[in-house]
Every structure is written in structure tokens, then in C-alpha cells.
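Engineer: Residue numbers (my numbering), protein chains in the order written: chain F, 1398 to 1937; chain P, 4 to 420; chain A, 3 to 335.
Mind looking over this structure? Questions follow.
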Ligand SMILES: Cc1cc2nc3c(=O)[nH]c(=O)nc-3n(C[C@H](O)[C@H](O)[C@H](O)COP(=O)(O)OP(=O)(O)OC[C@H]3O[C@@H](n4cnc5c(N)ncnc54)[C@H](O)[C@@H]3O)c2cc1C
Ligand SMILES: Cc1ncc(C[n+]2csc(CCOP(=O)(O)OP(=O)(O)O)c2C)c(N)n1
Ligand code: SF4
Ligand code: SF4
Ligand SMILES: [Mg+2]
């Protein structure tokens, strides 16, 4: 074409004009820590595995999940999911059902027989893990994957700790527990049952272990003094629950009083209900002050468990107990009122918490014991070199997930310690708070409700109460995730830049700014749905 | 083929032979018959492969032509007077963008007062618009010039106005020699745009140009018209070869060889002038004529050559530069710069005022006798004018001048379209 | 329904792209090979909504026409910031003629394509609100009335921006512009009857009329695509916030457009042959203050003594839009 001078120009030639020089501030991509990940005691990369689940890539999701936690099917049933409490979506409609998706993935893995990758190399080091509860299993799993030789010594006849001898079947079917334990053992972990460690230093020496991780839990039921006649049956919750697992079920009679307001009390009451008894919980404070989770109280009430709030047991006699009514003072503490009442009771089960059996640590130098628990440093090591501890036996919240988290953390430090180095965790990113999100881009999507077993069977059998999600609704639930703080390649920045100054790098590779043309308007930052871009001052 | 027909129809037929591809039209007297005829031939299917677009204004007409031309189509429109002014912004744009549009201007006066009759005020107002302007003397020339205009426009990628006197030519029934399609096809090749909007080779047409290049762009437009000065006579010669007629070119002289008095004019009035000159020659007056066909580009050299041996030059023009006098005469003066001869500007025929041989005889004789005023308004009714001037001197505000004058003349009810 | 409901894909359903969608379901803007009709290096202000809206629309039209597209542009910011000699940002055949004649020039181009037997080449004309609703209105109405095969896109930033923010017939009541200053007893633009060109376009009963904003890309693209399914005159009116003229932060251009829709200030709908056929529902209705407050051109309505009655009148206009165009109806899938 014979183009007239100046009037007619060649296409796209404005590339010669580098508008980046107009800029005083520039956008940069960053990864913020999603609140769910931040809240997970096991340090799961929740958003990371949801990302794969969203695409229907469940195995990849499971593998990403189990990088941090080897027990997803268990987690998906018993974890109290603080992640969901923290989930940003909760401020929009309802938190993402992280726990349900986790359970779906765990069940899917069991169904499909997915196995962990075996360690590529062996370190030649031997680590003793004491106790096959969640904390011990978690440590064993991580240590094994790091190439160490791991032996678990467990006092009981079966692995699982409180997951087996505390948490009732109707919440955690034993096939699930067995499957996830077995998968860890399949990594090459040795499990020695019925092997109670009486002296840790001796056991280490005998077995030639280079380090030890202790996770013996807290199994000694706390007691309180109740004046009682000889005929009164007073038992503790842990033993009651443990005996549920065995052949000879406890003889509790028809009217069982459970004393306490925690989850254990609820579990005992719901279990005895299933055995045909009439449980009644006696608790000294109100429902909202009870340590048990409200949903558990609710489920117990649904199943016909009676609860007497604001009551303490004063006396236990033949076939009945006397309770005193309490009232809360202005500080919220229960105070006696002097009003009494009698209740029919064939037995009383005390569910007042557990203490740690520390006998295996006797004579070990350097340890610090406080309030009945072993003190550990930030690296989970006790005061004695090479002896680490976690789970219920150390000061912290007592949950399966915390135990698993301890196991992982300890494993990393043990590994470093064995190599003569110090484990440094990556610095924490800033948290992707709700205000960083642009919610317009997400459509409304109410949470999927998990199915519940019908009430008659809940009252009469140990069948699992809460069902799981099927594939389609697990996928839906995964896709409710907002991907807080981390680019999910939605192409918004690429689309909304008025200056085409965003370079799309292709699937999985995210984006880059073309600072030659970026004028620094900041639209990309405003329109990034998940808060994965921020403006920073331009360096001069 | 010879035929007796109306000027507008003859021109329309010639344009159709040029195979225009987009015709846009908005009616205004005296252009209407041209576009009506073209509209009919498109609608009837006689003129094939042509889009006839009834636009909503002259501004749109020129704009549609701009788009069509940039889209690679041969585009044509026609207008006059108010219509030309209404499209002015687009007129400049078409030439600025170098789009070879051909437009007929059926010359007509510009209001107010509104007047539908002939003079050259309209096209001369566009003197600096960057368009080439060719003036036809006869209907034959009008139709011939259109054929040449397309070729000229497309070769140089510049728009051309073919100017023909409204009513005098457009509505006159005369005998014309209508060329055949083969002749026109042999002369005028299909339009090959210099620049075109085409997804196969995208360009941006119509950039904003700042001080760093604007002068150059304007100079190049001027240079193109200078090229046209060379090309116009050649095109006329080529035309003669195929059609056998001597039309077009830059200028035409008549009885000029030994003329002491030269009369310069454009358009149909040349006919009357030539008749007068014939009669005066018969009486022994050494008088001749220079007809200017190409008003833009203005052929300074040819005009100078034709006039330099005369003793006096009378420029008779159908236009008035209010406040100074002539428009054409200014250009003629420029052509004669440095040459000492008597120059007279005669403003004539404004708004359709008849230019009679009788008046011309008187005028030319006065010129020969050097009694003519340097600026003369031919056949001006001094009685009326003086009365009004007198009125204005005594009363400061006397109402619209036109109305007062009409009252003086006694034709308040005169009907004008 | 122009809006393509994507159920089930929760993460970023309304985003530009989404890895969970098939490539056909993704927006044109998400494509690596989008035409980028306006290349980088243009001179629009930071965060210019017009630059964005024009690229959205033209890229979508390019995709819909398989790149057989020619654009005609009226004078205005879009023209000036894209084509100052010696560089142009346009990547498709493009032409600028005048301020008021884009529709007519486009008619000419379309006529040329027709006679040249290249009817696969489609023509868009584009201009600002001034070039559309004021000076170019005659040519536009003519193009509509003749039903010429042109898609006209108006980028409405509600004033003459290129000349320094003067009032146009699309300037909303109460807005401050350089010719409707916020001084005197009734500061800002007058409350007139309004000149809402989409409604006027509908009155021409042309095949397709739609409105859109830069805040809903998928809706905008669907409309451009739909427009290209028709032959004849079509009109799309896109609200494009102008940070300079509206006195908004450069990063807020999309947010402000979103608020215009969510408050009902700017109705988003489409019509065929003069009859409304859909409305983009407001997902979460907000009071007009939310839209007005971030804009300095409305600052005189707030401050120590908010002009409650003026705000109420603006709310009434939004409410009228909501009921007239049915903006609160639930979307039907
Ligand atoms: C009734 C009940 C319900 C619960 N429900 C939940 C729930 O729903 N969700 C939740 O997150 N948490 C729940 N918990 C708490 C949770 O079970 C514990 O916090 C968790 O199991 C602690 O894990 P751990 O590995 O530290 O100890 P444990 O699970 O107690 O495991 C310790 C293991 O060490 C073994 N052991 C002890 N001493 C020795 C020794 N000397 N030598 C060798 N082996 C030894 C024990 O036999 C046991 O197997 C519940 C607890 C109870 C009691
Ligand atoms: C005939 C004419 N009148 C006035 C102008 C001056 N002018 C150029 S751009 C413009 C404003 C354009 O406003 P709008 O069409 O709304 O586009 P914007 O710049 O706001 O995008 C004006 C008044 C002109 N170029 N031509
Ligand atoms: S929305 Fe997703 S990333 Fe955000 S907190 Fe919830 S689960 Fe985590
Ligand atoms: S003045 Fe407004 S419309 Fe013009 S370039 Fe700047 S932001 Fe865009
Ligand atoms: Mg504007």
C-alpha cells in the first residue's frame, strides 16, 4: 500500500511508546497466606489441595493434602476444622466445607488404594516413636518419608490411641482408621504392639535409636471427690470408652449419669444411649459455657441424651445421686445455690479430663514437667537432647489435628537434628484477610450439607452418623473456595489492564507484568478477586 | 452517440458510464436532477454493482463518500450552495485524507438571502479546501469533465469537484455526444485505491498530526495539485484520442492572438462572452477570451502566457469577495505579477442575475476606453442601492436590507424556493 | 439472556478466565491470542475506562468476525490517545474522519464492502458520548433509519473528555463538568429529560440495541457477539468511567462501573427490533450514594451538609431504571 505521509500509519506501532515511564507505583504479584491454611493445626495447604480438587484431580489433591497430614479420612471425620472457622467465605455466606472435601478425598484414597511414595533414599538413622496415636503416627509417617528407619512402640493391643479407644465408632468407623494406619505402616514403619515403654532411655539404648519422639497421650482419667456409698458405680470416661472397643462391654445399668461438659462426656453419653441405656449429662455451667462443641451437644440432644445444666453432683448413693443447682455469678463462674435435687442413677461416669502418664520419663535428665505435661521447645524437643515429644502429653490444645501437627513439626526438627542442622521454616506470608478480596467475581453458592444417618439408627447402632459428600457435591464444595491470597489464574489482571501490560505465561505459570507499558493505574490490584497483587512504590 | 437531453441527465449518464460504486445523495436545487437520474439507474438495475444511499444531509453524503472511498470503492456525490457549506468539514477531510471522490457542484448562490440561482460563490468558497475544481462551459464539457475527473482524482488520490452552472447548464436541454461504455472503459481503468481499509493489510487512516509534521502534510497536498497541472493537459489529450473531442485541460483561449483586451471567465458565461467577442471582432475590436477550466489547481503559467501580451484584462466573475471585490481576479492578478497592464474586476451574475450580450458590449467598450472602474458590478441597480444606503445613513437601524430593497423594487411577494 | 450463566464453577465465575472452563466458555479477553485491538503504548490516562472498553468490544468483535473487521472512529479521547503521529495502537484497519460523522463514514465503508463483494468484512463505528449523542447524532440516526450494516459502539464517559470535561447530553444531572461547575444555587448539571441514546436507538426499531459496562466483561462480550449475528444497524452503549473527568481513583474504573449497574444508575439490558429482550440483573442492590460518593464530580452533594433532595432525585432516577428495565428480576438460566 502506498501510504500517505503521516496521515496513515502502520498497525500497532505504538509499541514504540513506553508508557511505563508514567508510573510512580507499580503492581507486584504476591502469595498471601490463606486464613484456612493459617488456622490448620496440622499445617495443611488446604487451598493448595482444594485447587486440585476443583479441577476434579482428586489424587493430586490427596497427594498435596498428605504432604502435611497422612490421615485425611480420619481428619474429615473428627477434626474440629478451625480452618472453616477462619475461612473467609464464612463472611460471605458459609465457610467452604473443607472438612467434607477432605473426608471425600480420604475415602476416595481408601477406595482407590492410593499409596504413599516410598522414600528414595535411606538416612541410616533410627528413630523410636512411643505411642501409636495420631501424633506418633504422624511423626512416623514424616520421618519415614524423610528416609529414616522408624519403629513405633505401642502399649496397647491396636494402633490409633484415642482415635480408637476414645472416639466412638459412630464418629470414626474403625475400617477407616485401620486403612489409614496400614498405609503408614506400608511405608516401612515398624509397629510393635503391646510394647509399653517403661523407661525411655533404656528403650532407646536397647533398640539403638538415634532419637525418640514421645506421644503417649493423656489417658489417666481425672477424678473428683464424690461422697458415695460402696454400692455406687463410679467409673471414668476413658475406661468406659476403651471398654466399648473390647469384647466385654461395661456394665453401667439403665440410668447412667455422665459428669462433665466436654466432648468426652458427650461421646460417653451418646455411646451408652446406643447400648440401650438412658444417659443424663450433669454439668455445672450452661450450654454456651460448655467446652463441648455445640454441634455435638445438638446431635446428642437429637439422639435423646438428657442434659442437666448448672448442676453439680453432691453425693452418690444406691440407685440415685443428689445434685445441687448452681447459678452463674457476674464473672460467669458457677456458684452453689443450696437447692438440691435427686436423680435416679445406676452408675456415674466421670468425664472431667485426662492426665498424662509420665512414668516412662522417670530419671531422664533435663526434663521440665509443668501442670502434668512435658515442656518442649519450639522445635518440639524436650529438655533432653534427642528426645522430642508432642500430642496430648505436651501443653497445647488436645485434638487429633494438633497431635498430627506436632508429629510433623517434630519430624522436621528430628530430621534436622539427626543431620546436625537446624530446621528453619519458611517465613510466613502476610494473611489474605477478607478485605483483600474482590467478592463480586464469585457467584453465590450455599454450602453443601452433609447427610446424616436417620435418628432411629443413630439411637440404636454404632453406624457412622455423618455421611460424606459424593463426587459431584464434593467438587461443588471445593469450587466454593475463593483461593484467598493466591493466584488461581482467573485471567482478571490479564483482562482488565487497559494497557495490555500483563503477560499471560500459560497454564500453571501465572502472569508477569510488562513494566515497559504498565502505567501503574492499579486496576489489576482492585480487580484481582483473591488479593494476589499489591501496589508498591516504584523504585527510582 | 448524439442526443438531445437535459444537462443533468447527460451528466448522470456519463457518471454511470464511469461505473461509480457508491453514490450518496441529498437533494438540493439545482443538483437534484443529476442524483435522481442516477438513483433511477441504480434502482432499475441499469447501473450495476453500485450502492445508492439516500443520506440525511450533505455532511453525511460527503462522509459516506469518504468511507466508501477509503473502503476502496469509487465514490460520487453531488451538491450545491447551502449543501456544499453544510458538508464543508467533510470536504476538507476528504482532501486531507487524499480520497479520490468526485463531486458535481451545480453552482448556486449562497444565502442569506436564500437564492437558488446560479453563481460561483459556493465552489469558490471551497477554493482552499484542497479539492481540485474543474469548471464546465457547456453540457458536453460537463459530461466529459466528469470522465476525466475520475481519472484525475484516482491517479493523484485527491478529490475533484466538477462545477457546472446551476439551471443554466443543469436544466438546459442541449445536444450532447454521449460516449459509449467501451470508450469510457478504455479511458478509465477500475479504481485502484492508493490506501485502503482492508483486514488483509491493516493500517490506521486519519492519524492526529502535530506541529512536527503538519506543514509537510500540507505541502505535499500542494505538491500533488502542482502535479495535476501537468497531468490535466495530458488527460485532456488522452481523452481527445479516444473520444475525439477537445475538452478539459487547464485553460482555453479564444481570439487571443492579437487581442489587446482579454476577458477572463469561467463556466457557461464564456458562451455569451464569446458571442459578444465575435460581434466586436466583426467590428474590428481586438478582443479575446481566456476561459479557465482548472480553477484548482490554478494554472498561473498558462494564464500569464495567455494574458501577458494584452493591454488590459477584464476578469468577469460570478463571485464576490465581500470587502475586497474579486476572487478569480485576485488569482489572475497573481499570475500577472510584475506585468504592467490594466486590470478590471467585474462582478456579474450573482444570484442568477442575467448577463446579457448588451451589457457585455457596453462593458467591454468601456474597458477599451479605459473608463471602467477597477471594480465593477455589472448591471447593478444603483437606484435601489443608493436609496438603501441613504436610508441607512439617516436611520441607524432599518430592518433587513433585503426586505427593504424588495419593497423598493416592489416584489415583496417574490417566491423563492 | 446474553449473560452466560456458569453454574457450578464457583471460584471466579465472573472472572475473565477460569481454568475450569473449556476454552470456548472463557472470555475473549482471557485468550492468549486475543487480538489486542488497541496495542500497548497508547496514551490514555492511567486507568482509562474507555481504553479498556474499546479493547473489550473490538477484541470481541474481532473474534466474532474472524478478524474481518474495519473500525471507524469519531474524534475524541479514543482517537487521540490511540493515533498520534507517528504511532498508532490499532491493529485492525481503522479510520478517523471527523467528530460527527463516524456513523456515516461507516455506512460508506460498509457500502464499499458490499459492492466489492466482501460482505464477510464487517464494520464498526465508535465514538464517545459527545460524538454519539450530540454532534454525531444526525448521522447516527440516519444510519439507524436506513438500517445500514454497521455496529455503532458508543463509549459513554458522560462528558466531552478530550476537550477537558465539558458537559454533553449524556452528562448526568448534578454532575460537575467544566461547563456545569459546582457553583451557584443549583450546582452541577441540570436535571433535564435526559437523552438516553439506547432508548432512542430502540425507537428506530433497529435489529439490536444493548448497553453494557466495563464491569461485566462476559456480558459485554456476549453482546458484541450477539450484535455480530445480525445484519443491519446495531447499537451498543458502553459505560466507561473516566478517572480524569469523574474525579475517581485510577484503580476504581471498573468498580465505579459496577456500582453504576448495581445501584440502577445505569441500566444494562438488550433489545431486538425495538423490544427489550433481557436485563442484566442487579446482584446486590445498593443505594446511589455508594456510586456517587467516590466521584469528585458529585462531591458537592456530600460534605458537611449533604444535598439530600438532590440525592433523592438521583435515587428516583435509578429506581425508575430498575422498574423500567426490570433490573431486579432474577436471572433465568
Ligand atoms: C472421648 C474422646 C473423644 C475425642 N474426640 C476428638 C475429636 O473428635 N477430635 C479431635 O481432634 N480430638 C478428639 N479427642 C482428642 C484426641 O483424641 C487426642 O487429642 C489425640 O488422640 C491425642 O493424640 P496423641 O497421639 O497425643 O495421644 P493418643 O491418641 O492418646 O495416643 C497415645 C498412644 O500412646 C500409647 N502409650 C501410652 N503410653 C505408652 C507407653 N508408655 N509406651 C507405649 N505406648 C504408650 C497409648 O496406648 C496410645 O495408643 C478426643 C478425646 C477423647 C478422649
Ligand atoms: C466539529 C468539531 N467540534 C468540536 C471538536 C472538538 N472536540 C474534539 S474531541 C471533543 C470531545 C469528545 O467528547 P466525546 O465524544 O464524549 O469523547 P471523549 O473524549 O469523552 O471520549 C470535542 C468537543 C471537534 N474536533 N470537531
Ligand atoms: S475460601 Fe478457600 S482459601 Fe479462603 S479460607 Fe476458605 S478454604 Fe481457605
Ligand atoms: S480523559 Fe478520560 S476518557 Fe480520556 S483518556 Fe483520560 S481517562 Fe480516558
Ligand atoms: Mg465522552
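Cβ coordinates follow ideal geometry from the N, Cα and C atoms, glycine included.
Does the beta carbon of residue 139 of chain P sit closer than 8 Å to a beta carbon anywhere in chain A?
Structural biologist: With 8 Å as the cut-off, residue 139 of chain P does not count as an interface residue toward chain A.
Engineer: Indicate the three-state DSSP secondary structure (helix, strand or coil) for residue 1621 of chain F in the structure shown.
Structural biologist: It is coil, neither helix nor strand.
Engineer: At a threshold of 7 Å, does residue 1726 of chain F count as lining ligand 7 (C-beta to nearest heavy atom)?
Structural biologist: This structure lacks ligand 7; its bound ligands are ligand 1, ligand 2, ligand 3, ligand 4 and ligand 5.
Engineer: Name the two residues that bound the continuous beta strand (DSSP E) containing residue 1714 of chain F.
Structural biologist: Element bounds for residue 1714 of chain F: 1708-1714.
Engineer: For residue 415 of chain P, is the classification buried or exposed, using 16 other Cβ atoms within 10 angstroms of its Cβ as the cut-off for buried?
Structural biologist: In this predicted model, residue 415 of chain P has a pLDDT of only 49, less than 50, meaning its place in the structure is not dependable; the value taken from the coordinates is given anyway. Residue 415 of chain P is exposed by the Cβ-count criterion.
Engineer: What are the boundary residues of the beta strand (DSSP E) that includes residue 245 of chain P?
Structural biologist: Per DSSP, residue 245 of chain P belongs to no beta strand (DSSP E); it is in the alpha helix (DSSP H), 217-246.
Engineer: Can you give me the start and stop residues for the beta strand (DSSP E) that residue 1416 of chain F sits inside?
Structural biologist: First-last for residue 1416 of chain F: undefined, no H or E at that position.
Engineer: Who are the Cβ neighbours of residue 107 of chain A in its own chain at under 6 Å, not counting the five residues just before and after it?
Structural biologist: The residues are 74, 99.
Engineer: Starting from the C-beta of residue 345 of chain P, find all residues in its chain whose C-beta is less than 6 Å away, skip the five residues before and the five after it, and write them out in chain order.
Structural biologist: Around residue 345 of chain P: 315.
Engineer: Which residue spans inside the segment 137-203 of chain P form an unbroken alpha helix (DSSP H) run of at least 4?
Structural biologist: Entirely contained in the segment 137-203 of chain P, the alpha helix (DSSP H) runs reaching 4 residues are, in chain order, 142-159, 184-190.
Engineer: From residue 115 of chain A to residue 284 of chain P, what distance separates their C-alpha atoms?
Structural biologist: One C-alpha to the other measures close to 57 Å.
Engineer: Would you say residue 411 of chain P reaches chain A, if we count a Cβ-Cβ gap shorter than 8 Å as a contact?
Structural biologist: Answer no: the Cβ-Cβ gap between residue 411 of chain P and chain A never drops below 8 Å.
Engineer: How would you label residue 1478 of chain F, buried or exposed, when you count the other beta carbons within 10 angstroms and need 16 or more for buried?
Structural biologist: Looking at its Cβ environment, which holds 16 or more other Cβ atoms inside 10 Å, residue 1478 of chain F is buried.
Engineer: Expressed to the nearest angstrom, what Euclidean distance is found between the alpha-carbon atoms of residue 1514 of chain F and residue 1468 of chain F?
Structural biologist: Cα-Cα distance, rounded: 15 Å.
Engineer: Under 7 Å Cβ to Cβ from residue 225 of chain A, same chain only, skipping five residues before and after it: list those, please.
Structural biologist: So the qualifying residues of the chain are 4, 212, 214, 238, 272.
Engineer: How long is the line joining the alpha carbons of residue 353 of chain P and residue 110 of chain P, rounded to whole angstroms?
Structural biologist: One C-alpha to the other measures close to 11 Å.
Engineer: Buried or exposed, going by whether 16 or more other CB atoms sit within 10 Å of the CB of residue 269 of chain A?
Structural biologist: When all chains shown are included, residue 269 of chain A counts as buried.
Engineer: Do you know offhand how far residue 140 of chain A's Cα is from residue 153 of chain A's?
Structural biologist: Answer to the nearest angstrom: the Cα atoms are 16 Å apart.
Engineer: For residue 197 of chain P, which residues in the same chain have their Cβ closer than 6 Å to its Cβ, ignoring the five residues on either side in sequence?
Structural biologist: Around residue 197 of chain P: 160.
Engineer: So for residue 1769 of chain F, helix, strand or coil by DSSP?
Structural biologist: Residue 1769 of chain F: coil per DSSP, three-state reduction.
Engineer: Does the beta-carbon of residue 1849 of chain F, which I'm using as the reference point, lie nearer than 7 Å to any heavy atom of ligand 2?
Structural biologist: No, the beta carbon of residue 1849 of chain F sits no closer than 7 Å to any heavy atom of ligand 2.
Engineer: Residue ranges of each alpha helix (DSSP H) run of no fewer than 4 residues wholly in the segment 340-384 of chain P, ordered along the chain?
Structural biologist: Runs found: 360-371.
Engineer: Let's see if you can read the secondary structure: which residues bound the alpha helix (DSSP H) around residue 2 of chain A?
Structural biologist: With chain A represented from 3 up to 335, any question about residue 2 of chain A goes unanswered, as that position is not in the structure.
Engineer: For a test of the three-state rule: what should DSSP assign to residue 7 of chain P, helix, strand or coil?
Structural biologist: Strand.
Engineer: At a cut-off of 7 Å, would you count residue 1532 of chain F as near ligand 1, judging by its Cβ distance to the nearest heavy atom?
Structural biologist: Result yes, Cβ under 7 Å from ligand 1.
Engineer: How many angstroms separate the CA atom of residue 138 of chain P from the CA atom of residue 23 of chain P?
Structural biologist: Their Cα atoms are separated by approximately 21 Å.
Engineer: Is residue 2019 of chain F near ligand 3 - that is, is its Cβ less than 7 Å away from at least one heavy atom of it?
Structural biologist: Nothing about residue 2019 of chain F can be read from this structure; chain F reaches only from 1398 to 1937.
Engineer: Okay, do the segment 92-105 of chain P and the segment 324-337 of chain P touch, 3+ Cβ pairs below 8 Å being the bar?
Structural biologist: Touching, no, given that fewer than three Cβ pairs across the two stretches are closer than 8 Å.
Engineer: Grab me the residues of residue 1789 of chain F's own chain with a C-beta within less than 6 Å of its C-beta, minus the 5 sequence neighbours each way, in chain order.
Structural biologist: Cβ within range, chain order: 1614, 1615, 1795.
Engineer: Once DSSP output is grouped into helix, strand and coil, what is the label at residue 1633 of chain F?
Structural biologist: Three-state DSSP puts residue 1633 of chain F in a strand.
Engineer: At a Cβ cut of 9 Å, what residues of the segment 1883-1902 of chain F count as close to chain A, listed as they run along the chain?
Structural biologist: For the segment 1883-1902 of chain F, which is checked against every Cβ of chain A, the residues closer than 9 Å are 1885, 1886, 1887, 1888, 1889, 1890, 1891, 1892, 1893, 1894, 1895, 1896, 1897, 1898, 1901.
Engineer: Taking 7 Å as the cut-off, is the CB of residue 101 of chain A close to at least one heavy atom of ligand 2?
Structural biologist: Yes.
Engineer: Under 8 Å, Cβ to Cβ, is there at least one residue of chain A near residue 223 of chain P?
Structural biologist: So no, residue 223 of chain P is outside the interface.
Engineer: Under DSSP, the beta strand (DSSP E) around residue 1747 of chain F begins and ends at which residues?
Structural biologist: Run containing residue 1747 of chain F: 1744-1747, per the beta strand (DSSP E) assignment.
Engineer: Give me, in chain order, the residues of the same chain whose beta-carbon lies closer than 8 Å to that of residue 1862 of chain F; leave out the 5 immediate sequence neighbours on both sides.
Structural biologist: Correct list, in chain order: 1567, 1568, 1696, 1849, 1850, 1855.
Engineer: Is the CB of residue 87 of chain A under 8 Å away from at least one CB in chain F?
Structural biologist: At least one chain F Cβ lies under 8 Å of residue 87 of chain A.
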